[in-house]
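Protein chains in written order, with UniProt numbering: chain A, 1 to 600; chain B, 1 to 163. Worksheet: one structure, shown below.
Rendered as structure tokens:
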């Protein structure tokens, strides 16, 4: 079966090799033009760095709003627009509208696409009806709709070129992630970790929308696409590596959602992404390591076969999804040039690995309050090499069902969630938007019903003891695993960062501020309050000789649930009302793109 | 478990006086109308249903309706909703779902009638939210509670399909 499948893949790859090479070369070239922003992640390395330097640390204080655009939708606005030449492509949360705006003609709407989707998909989207953005390739704009339809639109006209169905919302499978175009394929993940889906990364043919390969996060080897050369921490993973770590058929509802970002190294020909939490949130109910949930995956984009995997949080007990972005950088460690992958996991550890081999180089806490683990075993000869040491006091597995384990840091939303960090090759630092929230977590028994939430834990969240700030914006040295500077934020920072050649780093806040800080020191240089809270990613582009900075505001997402009413203070007396700041006192729903530039 | 929602549909107002007057074998308290209600002692001990409702709410409901029934950026605060909703309406909406589609919002609540994690705990959820709606219980986890009764455990196991 496996052989036959592989032969088919190779056949189709060969047949399309002419087209593939050109689409790939076109995108690599376009992503190197700092005037454009052609990928949801900025570039294949997910660095979210732009060489543009017209706006710099000296003049950013004079920044002003150049123009705004209302998306017409009031929900959590994640992701950011694409800019290709004179056209900007703006997406929205459900109903997933797409606008093409002409930047050379008063930002006029050139075309608009609005799919008809069954609104019954809304409640199966855990944590708001967000969408993380669009991809471009081969003259098409790719959108992953809430109902899991992957649609390719003609970039010039907005006409539908093809559609593909990536999942089944009646089983809790939904679409929130941004697609990524690599070579002749469109890669797309799936959401539904709280609904017991068997999640996967899937590649579709860019020309036709035909399914090319699908690699699941858990299951038999021919479903997870591994072979005898696939390694974990330098050693072959062996046969049935996933099946052995689940009880019975539980892998079939095992989760491992893939709604984060995808990066790609054209030289190594590998794509990288993370898989999410195993379902359910009750660890007692799913014994074993639950591989390969919570895992960094390195797959061949042509065949889907995994070259290496690394499971960060075996047998998750806290909902620490591993979906956050993998940022690729080339830096020297101990005088040796290395091809690195840096990942800020929900579990509060910042990982640096060799992206060619999957060797683990650094695993350190990027919030000093992280307390569920004493650290990762870095001894290559140890039987627990690469595993985090779980502390009993924070173990909800040890506590067991119907026991409330208190004071675990970070909370389930992680020290960082999907909001992507940025990397500046100028400073060789990572700029990381973080959450600074802890939790109580009580697992209990749940039953699985297809298409219904499959959660199985009660939790309450609050800032670390003695502190009131629920977020930090930090600079991180990925070579040593150390915080270089850290700015307190009242709320979680749920906006993707942008680093620029002007020595400025941008990010948004949940109150709605766009902020610019000095890349070297973190000193705040500028802020402006946009119409609603920001959970979108900051983007920059150049048009008509002018540099612009753009960001979507529109509060929502998981932050909109947990923080809207304010967090509970678990130590407060009977009848006390929310001890901490409520986001609803600062901002309300919205959906606006705000674009900034320097005055003429 | 069978959910009969039709009885309360005509009623557009809240459940009235929450004072608990009668306790059933499973530990559930009823008000003078026979509607499930909470019973919270002066020392903060809550009845089993309030406690169980707190836990179930913060598993399946809070992902949309926010912590402690306080609402979120896209779903209403249930601590307020139950003030103007009868017990029957509450059961009906949880079991069958509802859609509120306006020019500004598309709010869709799914049907939980087939989900035992919710359907088996409707009264628990109702009692907890009723306590929240009257500020009889605040924004915290109940520390002290009445014990789970044998009758409750039996009914729960039967409903959830546990042996």
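A virtual CB, placed ideally from N, CA and C, is assigned to each residue, including glycine. From a predicted model like this one, the values you see are computed outputs, not experimental measurements.
Report the residues of the segment 97-113 of chain B with a CB closer than 8 Å to any CB of chain A, ordered along the chain.
-> Along the segment 97-113 of chain B, the positions whose C-beta sits under 8 Å from a C-beta of chain A are 97, 99, 101, 104, 105, 106, 107, 108, 109, 110, 112, read in chain order.
Could you check the C-alpha separation between residue 16 of chain A and residue 44 of chain A for me, to the nearest Å?
-> Any reading at residue 16 of chain A must be qualified, since the residue scores a pLDDT of 40, below 50, and its modelled position is unreliable; no value is offered.
CA-CA distance, residue 512 of chain A and residue 531 of chain A?
-> Each residue's Cα considered, the two are about 7 Å apart.
Is the CB-CB distance between residue 471 of chain A and residue 77 of chain A below 9 Å?
-> Contact: no.
Give every residue of the same chain whose Cβ lies closer than 8 Å to the Cβ of residue 485 of chain A, excluding the five residues on either side of it in the sequence, and list them in chain order.
-> Same-chain partners within the cutoff: 474, 475, 521, 522.
Short CB-CB distance (under 9 Å) between residue 38 of chain B and chain A | Closer than 9 Å: no.
Answer with buried or exposed for residue 280 of chain A, where buried requires no fewer than 16 other C-beta atoms within 10 angstroms of its C-beta.
-> Taking all protein chains shown into account, residue 280 of chain A has 16 or more neighbouring C-beta atoms within 10 Å of its C-beta and is therefore buried.
Alpha-carbon spacing of residue 362 of chain A relative to residue 482 of chain A, whole angstroms = Cα to Cα, the separation comes out at about 10 Å.
Going along chain B in order, which residues have a C-beta closer than 8 Å to the C-beta of residue 75 of chain A?
-> Counting only Cβ-Cβ distances below 8 Å, residue 75 of chain A has contacts in chain B at 73, 74, in chain order.
Any residues in the segment 147-161 of chain B with a beta carbon nearer than 7 Å to a beta carbon of chain A? Which ones, in chain order?
-> Going along the segment 147-161 of chain B in chain order, one finds 160, 161 with a Cβ nearer than 7 Å to chain A.
Please state if the CB of residue 594 of chain A and the CB of residue 92 of chain A are separated by a distance shorter than 9 Å.
-> It is not a contact, given that the beta carbons lie outside the stated cut-off.
Report the three-state DSSP secondary structure of residue 146 of chain B (helix, strand or coil).
-> Of the three classes helix, strand and coil, the one that applies to residue 146 of chain B here is coil, per DSSP.
Neighbour-count burial assignment, residue 600 of chain A, 16 or more Cβ in a 10 Å radius | Residue 600 of chain A is exposed by the Cβ-count criterion.
Helix, strand or coil: how does DSSP classify residue 364 of chain A here?
-> Three-state result, residue 364 of chain A: strand.
Proximal residues of chain A, C-beta to C-beta of residue 134 of chain B below 9 Å | Chain A residues near residue 134 of chain B: none, gap ~12 Å exceeds 9 Å.
What residues in its chain sit with their C-beta under 6 Å from that of residue 63 of chain A, if we drop five residues either side in the sequence?
-> Counting only residues of its own chain and dropping the five nearest sequence neighbours on each side, residue 63 of chain A has a CB closer than 6 Å to the CB of 526, 596.
Under 9 Å between C-beta atoms, does residue 505 of chain A make it to chain B?
-> Interface annotation, residue 505 of chain A: not in contact with chain B, CB-CB separation never under 9 Å.
Exposure of residue 247 of chain A, with buried meaning 16 or more beta-carbon neighbours within 10 Å = Here residue 247 of chain A is exposed: its Cβ has fewer than 16 other Cβ atoms, across all protein chains shown, within 10 Å.
Answer with yes or no whether the minimum CB distance from residue 245 of chain A to chain B is below 9 Å.
-> Chain B contact via Cβ: absent.
Among B:73, B:118, B:128, nearest to residue 93 of chain B - alpha-carbon criterion = Distance from the Cα of residue 93 of chain B is smallest, within the candidate group B:73, B:118, B:128, for B:118.
Those runs of the beta strand (DSSP E) which lie wholly inside the segment 8-72 of chain B and span at least 3 residues = Correct list: empty.
In its own chain, which residues sit with a C-beta less than 6 Å from the C-beta of residue 50 of chain B, not counting the 5 before and 5 after it?
-> 38, 127, 128, 131, listed in sequence order.
Give every residue of the same chain whose Cβ lies closer than 7 Å to the Cβ of residue 57 of chain A, excluding the five residues on either side of it in the sequence, and list them in chain order.
-> In the same chain as residue 57 of chain A, and ignoring 5 residues on each side of it, the C-beta atoms closer than 7 Å to its own belong to 502, 503, 504, 518, 525, in chain order.
Does the count of Cβ pairs from the segment 444-460 of chain A and the segment 185-196 of chain A closer than 8 Å reach three?
-> With a cut-off of 8 Å on Cβ pairs, the segment 444-460 of chain A is in contact with the segment 185-196 of chain A, counting three or more such pairs.
Taking C-beta pairs closer than 8 Å, name the residues in chain A that residue 55 of chain B reaches, listed in chain order.
-> Using a Cβ-Cβ cut-off of 8 Å, residue 55 of chain B is close to 442, 444, 458 of chain A, given in chain order.
Count the other CB atoms, across all protein chains shown, that sit within 10 Å of the CB of residue 467 of chain A; report buried if there are 16 or more and exposed otherwise.
-> In the assembly as shown, residue 467 of chain A is an exposed residue. Its beta-carbon has fewer than 16 other beta-carbons within 10 Å.
Could one say the Cβ of residue 586 of chain A lies closer than 9 Å to chain B's Cβ atoms, at least one of them?
-> Not one chain B Cβ lies under 9 Å of residue 586 of chain A.
May I ask you to report which of helix, strand or coil DSSP gives residue 583 of chain A?
-> In this structure, residue 583 of chain A counts as helix in the three-state DSSP scheme.
Helix, strand or coil: how does DSSP classify residue 162 of chain A here?
-> Residue 162 of chain A falls in the strand class under three-state DSSP.
Answer with buried or exposed for residue 150 of chain B, where buried requires no fewer than 16 other C-beta atoms within 10 angstroms of its C-beta.
-> Residue 150 of chain B counts as exposed, since fewer than 16 other beta carbons sit within 10 angstroms of its beta carbon.
Residue 589 of chain A: contacting residues in chain B (beta-carbon distance under 7 Å) | Taking a Cβ-Cβ threshold of 7 Å, the residues of chain B close to residue 589 of chain A are 73, in chain order.
Beta-bridge pairing of residue 430 of chain A - partner residues as DSSP gives them | Answer is A:423, A:476, bridged to residue 430 of chain A.
For residue 590 of chain A, the three-state DSSP class (helix, strand or coil) = Residue 590 of chain A: coil per DSSP, three-state reduction.
Interface residues of chain B facing residue 408 of chain A [CB-CB closer than 8 Å] = Residues of chain B passing the Cβ test: none, with the nearest at roughly 14 Å.
Could you tell me whether the segment 107-117 of chain A touches the segment 100-112 of chain B, using the rule of 3 or more Cβ pairs below 8 Å?
-> Segments in contact, no.
In chain order, what residues of the segment 82-104 of chain A put their CB closer than 9 Å to some CB of chain B?
-> Correct list: 94, 95.
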